[in-house]
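**Q**
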Amino acid sequence: MGRWCLVVILAITTASTACPAHADEAPPAPEQVTALSPELRQAFRAAVIDRSTSPNARLDLMMAFLFDRRTGLGMQYDHAATYTVEQAFRSRKANCLTFTLLTLALAREAGLEAYAQQIDDVLSWRQENLHLVRTDHVNTGVRIQQRRYTIDVASDEILMLAPPRAMSDDALLARYYSNRAMELAIDGRPLDAAPYMAMSLALDPTSASGLNNAGVLALRHGDHTAAERHFQAALERNAAHGGALANLAQFYERQGDSARARPLQQRRDRVSRRDPFHQFITGAQAESAGDLRTAVQRYRRAIRLHPGEHRFHSALARALLQQGDTRGAIRALTVARDLAERDGMTPYQAKLDLLTKRLRD
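Structure follows, in structure tokens:
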């Protein structure tokens, strides 16, 4: 999973015209997804397990082993790297889903109490192009006595409305198979994708995101009956799931059934009006298009819905500054700074000093 660990399709795409006649890639078994190779196990034992019996020390040593390029794995983030643990070890690349699989396996190898965590809705952007993406997100939790720790490869680049909650190993593995299914489908290989999606639904048949992805894949196969069933099932699990609402509404529109599409569109609109992420995204889109008035309105609505997010206030400050409202920008950026400092970050003070100096001059 932002960096991003899940593929959430918000629009229906047509079936590929260049699909292979047979499947070439069989999904690995669940135990193969999480297996530590003898080479990785030996390296981890030498770097972590044999050096200390203290749980806290082992956690620190594990983090060094993961990221140190000279003495450890030197793992690199790659949003497209939906890999097994062994593939991550060989490539030294992982997205947040793969990183969670890897850290979970290693932490348990070290005797730590580790578990996967999910955040149902997060927003992130890729720094190279400021591309906003929203999806589910996963990370690893570790409990040592009464203290809980979170290991997250994307913590600085995601925005979330609720804290993470524990998830089962089966649910985590289901996301791996669902991710791979969607990657293969997007790559024009829906027949390869099908067994991955079947494995995902077998492991976690209640996931709204998994069911939504299954609906998209069914459309790739031209199975409209299954697609409709999966989208409806996703909405039974989560009535506010934006992807399933959009997909089912568009499905009915393409069937010429506006009477069934319209209530879904209206429902999605109601959900969007109460959704700070939607307001923030549409504000960013308006800002990129030069519509600063709409951008300011959307950013302010996002703030009303979720006032504690410093990045909402920072975006408002940026839009106000482009409108020429330096005083308003300073007020918004001051709030952003105070909120960020509360979370132990100090990214805004230099900008505030510059704006204040500009106003005085």
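In terms of this note's numbering, the sequence shown opens at residue 22 and continues consecutively. Beta carbons: idealized from backbone N, C-alpha and C, even for Gly.
For residue 163, tell me which candidate among 183, 129, 191 and 139 has the shortest Cα-Cα distance.
**A** Stepping through the sequence shown from its first residue, residue 163 is reached at position 142. The shortest C-alpha separation from residue 163 is found at 129.
**Q** Rounded to whole angstroms, what is the Cα-Cα separation between residue 337 and residue 310?
**A** Translated into the one-based positions of the sequence shown, residue 337 becomes position 316. Translated into the one-based positions of the sequence shown, residue 310 becomes position 289. About 15 angstroms.
**Q** Whose C-alpha, out of 168, 228 and 173, is nearest the C-alpha of residue 160?
**A** Position 139 of the sequence shown, counted from the start, is the residue given in the question as residue 160. Here the closest residue by C-alpha is 173.
**Q** Could you check what DSSP says for residue 369 in three-state terms: helix, strand or coil?
**A** Taking the first residue of the sequence shown as position 1, residue 369 is located at position 348. Reduced to three states, the DSSP call for residue 369 is coil.
**Q** Looking at residue 92 and residue 68, is the spacing between their C-beta atoms short of 8 angstroms?
**A** As a working mapping, residue 68 is identified with position 47 in the sequence shown. As a working mapping, residue 92 is identified with position 71 in the sequence shown. Going by C-beta atoms, residue 68 is nearer than 8 angstroms to residue 92.
**Q** Buried or exposed: residue 142, going by 16 or more other Cβ atoms within 10 Å of its Cβ?
**A** Working through the sequence shown from its first residue, we reach residue 142 at position 121. Buried.
**Q** Spell out the partners DSSP gives residue 162 in its beta bridges.
**A** Your numbering for residue 162 matches position 141 in the sequence shown. Note: residue 162 sits in a beta bridge opposite 136 and 171.
**Q** Could you give the distance in angstroms between the alpha-carbon of residue 275 and the alpha-carbon of residue 239?
**A** Residue 275 sits at position 254 when you count from the first residue of the sequence shown. Residue 239 sits at position 218 when you count from the first residue of the sequence shown. Each residue's alpha carbon lies about 15 angstroms from the other.
**Q** Given a threshold of 16 other Cβ atoms within 10 Å of its Cβ, counted over all protein chains shown, does residue 221 qualify as buried or as exposed?
**A** Reading the sequence shown from its first residue, position 200 is the one you call residue 221. So residue 221 ends up on the buried side.
**Q** Out of curiosity, what's the CA-to-CA distance linking residue 332 and residue 184?
**A** For the purposes of this step, residue 332 is taken as residue 311 along the sequence shown, with counting starting at 1. For the purposes of this step, residue 184 is taken as residue 163 along the sequence shown, with counting starting at 1. If I take the Cα positions, the gap works out to 17 angstroms.
**Q** May I have the straight-line CA-CA distance separating residue 102 from residue 62, to the nearest angstrom?
**A** Taking the sequence shown and counting its residues from 1, one reaches residue 102 at position 81. Taking the sequence shown and counting its residues from 1, one reaches residue 62 at position 41. Looking at the two C-alpha atoms, the distance is approximately 21 angstroms.
**Q** What residues in its chain sit with their C-beta under 6 angstroms from that of residue 120, if we drop five residues either side in the sequence?
**A** Within the sequence shown, numbered from 1, the residue matching residue 120 stands at position 99. Correct list, in chain order: 174.
**Q** Leaving out five residues before and five after residue 165 in sequence, what residues of the same chain have Cβ atoms less than 8 angstroms from its Cβ?
**A** For this step, residue 165 is matched to residue 144 along the sequence shown. These residues qualify, in order along the chain: 76, 77, 80, 133 and 134.
**Q** Taking all protein chains shown into account, decide if residue 241 is buried (16 or more other Cβ within 10 angstroms of its Cβ) or exposed.
**A** Indexing the sequence shown from 1 puts residue 241 at position 220. Buried.
**Q** Count the other C-beta atoms from every protein chain shown that fall within 10 angstroms of the C-beta of residue 263, then say buried if there are 16 or more, exposed otherwise.
**A** The residue labelled residue 263 in the question sits at position 242 within the sequence shown. Looking at its Cβ environment, which holds 16 or more other Cβ atoms inside 10 Å, residue 263 is buried.
**Q** Spatial neighbours of residue 281 within its chain, please: C-beta separation below 7 angstroms, excluding the five flanking residues on both sides.
**A** Along the sequence shown, read from residue 1 onward, the residue named residue 281 stands at position 260. Excluding positions up to five away in sequence, the list reads 273.
**Q** Out of curiosity, what's the CA-to-CA distance linking residue 363 and residue 157?
**A** Within the sequence shown, residue 363 is the residue found at index 342, counting from 1. Within the sequence shown, residue 157 is the residue found at index 136, counting from 1. For residue 363 and residue 157, the distance between alpha carbons rounds to 25 angstroms.
**Q** Going along the chain, which residues of its own chain have a beta-carbon closer than 6 angstroms to the beta-carbon of residue 297, five neighbours each way excluded?
**A** Translated into the one-based positions of the sequence shown, residue 297 becomes position 276. Result list for residue 297: 323, 326 and 327, in chain order.
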